[in-house]
Structures are given as C-alpha cells and as structure tokens.
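Engineer: Residue numbers -21 to -1, 1 to 368, in mature numbering (1 follows the signal peptide of the UniProt record, and there is no 0), belong to the letters of the sequence shown in order. Even for Gly, the Cβ is constructed at its ideal location relative to N, Cα and C.
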Amino acid sequence: MRSSLGLSLFTFFASLPAGWSYNLVRDHSGQNFFQGWDFYGSWDNLTNGYVWWVDQTNATQQQLAYVDSNGRAIIKVDNTTTLTGTEPDQKRNTIRLTSTDSYDFGSLWIIDLVHLPYGCSVWPAFWTKGPTWPDNGEIDIIEAINLMDHNQMALHTTPGCIINQGPEATGHSIFNDCSKASGCTVAEAKPNSYGPGFNSAGGGVWATQYDATGIFMWFWGRADIPASITATTSTSGIDMTNWGPPSASYPVGPQCSNFTQFFTPQQLVLDITLCGSWAGLQSTYGGGCPGDCYKDSVLGPGSPKYDEAYFEINYVRAYTTGTPLPSSTPTTSSTGGVTVITSTIIDPAPASSSSTSPGKSLANGQDRSTAFSLAAIVFGMILFGATLL
Ligand SMILES: *[C@@H]1O[C@H](CO)[C@@H](O)[C@H](O)[C@H]1NC(C)=O
Ligand SMILES: *[C@@H]1O[C@H](CO)[C@@H](O)[C@H](O)[C@H]1NC(C)=O
Ligand SMILES: *[C@@H]1O[C@H](CO)[C@@H](O)[C@H](O)[C@H]1NC(C)=O
Ligand SMILES: *[C@@H]1O[C@H](CO)[C@@H](O)[C@H](O)[C@H]1NC(C)=O
C-alpha cells in the first residue's frame, strides 16, 4: 500500500514541470515605491493605538513617508512634535498604507528591509487582509511590539480553521486555532528577526507564499538571503529552488481543508501604531517599558523615543504563478518537507486574467477544483512524508 502510494506520488511529482517560478506583477521600489498604495487618513480606529494615520498630503509635508537619498522608502512615526494633550484626543502622526492591488491564491510577496520600527509603545506590521475582517482572512508576516527581540507570524480567520504547523518549519508554533484573538501564531526562531538585532545586521527579507494548499513564510537575515532573491531585479521573476524550509508553515489539513472558505484575495498593509490592543496592554508594555504607554511614551517629546520608529524598505514585490517560466533546475525530492512546499506551486493556469491595473484583483484565474484535488494529493504527501520520518 505504502509503496504504491509512493509510486503514484513519485509519478505526480515527476509530471510537474521542473523549477516552478513566479512572475513579477508589482514592484514597489525606488522613486515609485509609494505608487499603488492608499494612505489611511484617519485615526487608528482598528487597534485603538494613539496614532493618526495621516493622508498622503500630510505624510509628504511632514516627511513621514518619502524615498530617501539611497532610494529606500522611509515610513515613520513623527519624532519631531512634543505632545502635551490628553488621552484620547491628542495622537501622534504616523502611516498606514494599503495596497490598491489585491492578490489571489497563487501569489508570492517579498519584502526587503534594512530597518524595522521598534521601541516602547511601537507596534509595526507588514500584513495582508481581505475586505472584511476576520471573514476574509488576515496574514501577519512581520509583527512585533515594544522591546521584543523576534518577529511573530500569524493567520486570523473565522472559527473552524485549526492548522498544525508543517513539520518542516523552523519557527515555534504557539497557537494553532486561527480564530483565537492572537491568531494561529508562530514565533521566529532564527536570530535578528526584529529590533536592534535586525537593524544592526543590515535587515533582511521575508517571502510569503499564498496558495490554496497552504500559506508559507520565510525569513532570512541579510547575510543568508538566497541567491535567487538577491539576483532579482525590478522586472525579473523568481525561482523558489534552494530556499530551504520556511519559518512558518500553514498547510491545509483535516481541520482547515478549504482555504477559500477563510481567505479571499488579500491586500498588503504596512503600518505602525502606538500602544493599542497589543503593544499597550499592561502585560506586554509592562515587560520592560516605563509607566503608562500613553502618558510615558506617546506624550512628551518625540525624540529620542521615536528615533528608531521607522521602516526603511528596499522593495515590496508581488509575484504570481500565472505563466511559469521554463527552468532547467530539477525539482528534487530529497527531503520530504521541502518537496511538499515547492510542490504547492501548482497553478498551471495561464495569466489570462492577470493585471497590474490598480484596484483590480491580481487573480490568476486558477481552477479552484483543480487546486483542491492537487491540494488533497499534496496533503496526502504530507501524511506520507510524516510516515517516513
Ligand atoms: C475607521 O475609519 C474609517 C475612515 O473614517 C472608516 O471608513 C471605517 O469604517 C472606520 N472603521 C471602524 C471599524 O470604525
Ligand atoms: C492634515 O493636516 C491638516 C492641517 O494640520 C489637518 O487639518 C488635517 O486633519 C490633516 N489630515 C489628516 C488626514 O491627517
Ligand atoms: C470551499 O469554500 C467555498 C467558499 O465558502 C465554497 O464555495 C466551496 O464550495 C468550498 N469547497 C469545498 C470543496 O467544500
Ligand atoms: C528623528 O529620527 C530621525 C531618525 O529616524 C533622526 O535622524 C532625528 O534626529 C530624530 N529627531 C528629530 C528631532 O528629528
């Protein structure tokens, strides 16, 4: 039984085109970084942080969102104003960006940063969302607070989606019920994924694969970024060969088998808030930060408290599997876990509906039923792989 399953899986993998690649559909970098994002233009009415997410005009005037002389995007908290007001009226200015594109299954997002915001009260995130929360899902790729020394990844869904982390992942699974308030969370285990450690190591890269068969996130510090990523340009596609295991792995499984029930096309979000419903809790803020989050951090002079509260970004790039590039690199199956991950890039549909027009979904027109039958095979492979371990 096992050998015939193994043979059919071998046949399945052998029939996959070698070296599945992703094609670039959106490049946010250099002088064009801020094209294709909406500025929120309201106070933080979502996570109750003490910030005003300013509109684009104010962001530009106040130098809170700009491209610096190195061609990197800076997105920061106001550190030049002294606030003397009272809760909750006086808030500190900062930024929340939401991509005008939304991306369907079969997408890959890569962000390269040299600096992440940190410090007492500071809560930055790079994440994705559907139109309605939490019905349409949320993927937290970079998220940490206050003086944390590592990044934490998560999914958020409506009840009914419990995901056991794939065995190949290197991160530490904390919760597996994605409808919990914290989401199904995975703590990064590699060094220097947040805070001063991340910044002094020259930053790093996150890649997120958004697929109907699973959601997978990789992190590399600057020194360890795979050549396939450092070699990419603002026009080239990307090949996932030799990425190694992801930090967080959320494969479909028996307790969350249908991702279209929990996730719709996702928009990318970059934001910073202060205090609020995670960073401002006494249980989190109190672990190393002084006094009261609002009175002792947000109020008073902005400098030096918020001098480190900025993103410095080389690029954010989005890819889809629309038209796989031919590649001579064979898909190896040496280690069960990694093969399962690479084989989830299964969407052979042509990029007929792909578009980079702002506001349009970058759906790649995949046939979901095909995706799910393949998902079932991949899931079988995961089980099969597990029996080999
Ligand atoms: C937050 O404010 C924005 C802009 O005013 C508004 O469109 C949105 O509905 C508000 N959201 C909530 C949850 O109150
Ligand atoms: C932009 O700044 C002006 C002047 O300070 C202010 O009246 C307005 O509310 C600001 N808008 C936003 C969205 O921050
Ligand atoms: C998966 O969920 C979607 C959206 O709720 C639904 O339309 C579809 O029928 C479901 N597919 C399966 C195989 O249950
Ligand atoms: C604010 O922060 C920047 C770095 O983000 C720093 O260069 C500057 O000196 C800080 N202080 C003031 C008052 O601008």
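1) Of the residues Ser226, Ala202, Val56, Tyr97, which one's Cα is nearest the Cα of Ile153?
2) With a threshold of 16 other CB atoms inside 10 Å of the CB of Thr36, please say whether the residue is buried or exposed.
3) For Thr73, count the other beta carbons within 10 Å of its own beta carbon; 16 or more makes it buried, fewer makes it exposed. Which is it?
4) Run through DSSP, which three-state label would Val277 get?
5) Could you tell me the alpha carbon to alpha carbon distance between Gln40 and Asp57, rounded to whole angstroms?
6) Need the endpoints of the alpha helix (DSSP H) that Phe177 sits in, please.
7) If you draw a straight line from the C-alpha of Ala166 to the C-alpha of Thr212, how long is it?
8) Within the chosen definition, does the stretch 91 to 108 reach the stretch 117 to 124 through at least 3 CB pairs nearer than 8 Å?
9) Any heavy atom of ligand 1 closer than 8 Å to the beta-carbon of Ser21?
10) Using the Cα positions of Lys70 and Trp106, report the straight-line distance between them to the nearest angstrom.
11) Answer with buried or exposed for Asp114, where buried requires no fewer than 16 other C-beta atoms within 10 angstroms of its C-beta.
12) How is Ser21 classed by DSSP in three states: helix, strand or coil?
13) Using 8 Å as the cut-off, classify the Cβ of Leu43 as near or not near the heavy atoms of ligand 1, replying yes or no.
14) Threshold first: 3 residues or longer. Then list the beta strand (DSSP E) segments lying entirely within the stretch 193 to 241, N to C.
15) Given a threshold of 16 other Cβ atoms within 10 Å of its Cβ, counted over all protein chains shown, does Ser86 qualify as buried or as exposed?
16) Once DSSP output is grouped into helix, strand and coil, what is the label at Gly(-3)?
17) Restricting to Cα atoms, I'd like to know which of Ser81, Gln10, Pro175, Leu25 is closest to Ser48.
18) Quick one: give me the first and last residue of the alpha helix (DSSP H) that Thr39 is part of.
19) Around the Cβ of Asp68, are there at least 16 other Cβ atoms within 10 angstroms (buried) or fewer (exposed)?
20) Of all residues in the structure, which have a C-beta closer than 5 Å to any heavy atom of ligand 3, taken in chain order?
21) Nearest to Gln246 by alpha carbon, out of Thr26, Lys284, Arg75, Thr252?
22) Taking Ser172 as the reference, give the member of Tyr273, Cys140, Thr192, Gln131 with the closest Cα.
23) Going straight from the alpha carbon of Val46 to that of Leu3, what length do you get?
24) Let me confirm a value: Trp257 is counted as buried when at least 16 other C-beta atoms fall within 10 Å, else exposed. Which label applies?
25) Output needed for Tyr298: all residues of its chain with C-beta closer than 8 Å, excluding positions within five of it in sequence on either side, in chain order.
26) Could you spell out where the beta strand (DSSP E) holding Gln131 opens and where it closes?
Structural biologist: Checking against the coordinates, here is how it stands:
1) Answer by Cα proximity: Ser226.
2) Thr36 comes out exposed.
3) Label assigned to Thr73: buried.
4) Here Val277 sits in helix by DSSP.
5) Between the alpha carbons of Gln40 and Asp57 lies a distance of about 12 Å.
6) Looking at the DSSP string, the run of the alpha helix (DSSP H) that includes Phe177 is 174 to 179.
7) Between Ala166 and Thr212, the C-alpha separation is close to 30 Å.
8) Enough Cβ pairs lie closer than 8 Å, so yes.
9) Distances taken from the Cβ of Ser21 to the heavy atoms of ligand 1 include one shorter than 8 Å.
10) If I take the Cα positions, the gap works out to 23 Å.
11) Around the C-beta of Asp114, fewer than 16 other C-beta atoms lie within 10 Å, and the residue is accordingly described as exposed.
12) The answer is strand: DSSP assigns Ser21 an E or B state.
13) No, the Cβ of Leu43 stays beyond 8 Å of every heavy atom of ligand 1.
14) Listed in chain order, they are 193 to 200, 227 to 230.
15) By the C-beta density criterion, Ser86 is buried, having at least 16 other C-beta atoms within 10 angstroms.
16) For Gly(-3), the predicted structure reports a pLDDT of 44, less than 50, and the residue's modelled location is therefore unreliable. A value from the coordinates is still provided. Gly(-3) sits in coil when the DSSP states are folded into three classes, being neither helix nor strand.
17) Answer by Cα proximity: Gln10.
18) Thr39 -> alpha helix (DSSP H) spans 35 to 40.
19) Here Asp68 is exposed: its Cβ has fewer than 16 other Cβ atoms, across all protein chains shown, within 10 Å.
20) Any heavy atom of ligand 3 within less than 5 Å of a residue's beta carbon puts that residue on the list, which reads Asn237, Thr239, Gln240.
21) Of all alpha-carbon atoms in Thr26, Lys284, Arg75, Thr252, the one lying nearest the alpha-carbon of Gln246 is that of Arg75.
22) Considering only alpha carbons, the answer is Gln131.
23) When only Cα atoms are considered, Val46 and Leu3 end up about 22 Å apart.
24) With a threshold of 16 other beta carbon atoms within 10 Å, Trp257 meets it and is buried.
25) Cβ-Cβ distances below 8 Å link Tyr298 to Tyr1, Asn2, Leu3, Val4, Ser86, Leu87, Trp88, Ile89, Gly216, Ile217 in the same chain, with the five nearest sequence neighbours on each side left out; the list follows chain order.
26) Counting along the chain, Gln131 sits inside the beta strand (DSSP E) bounded by residues 131 to 135.
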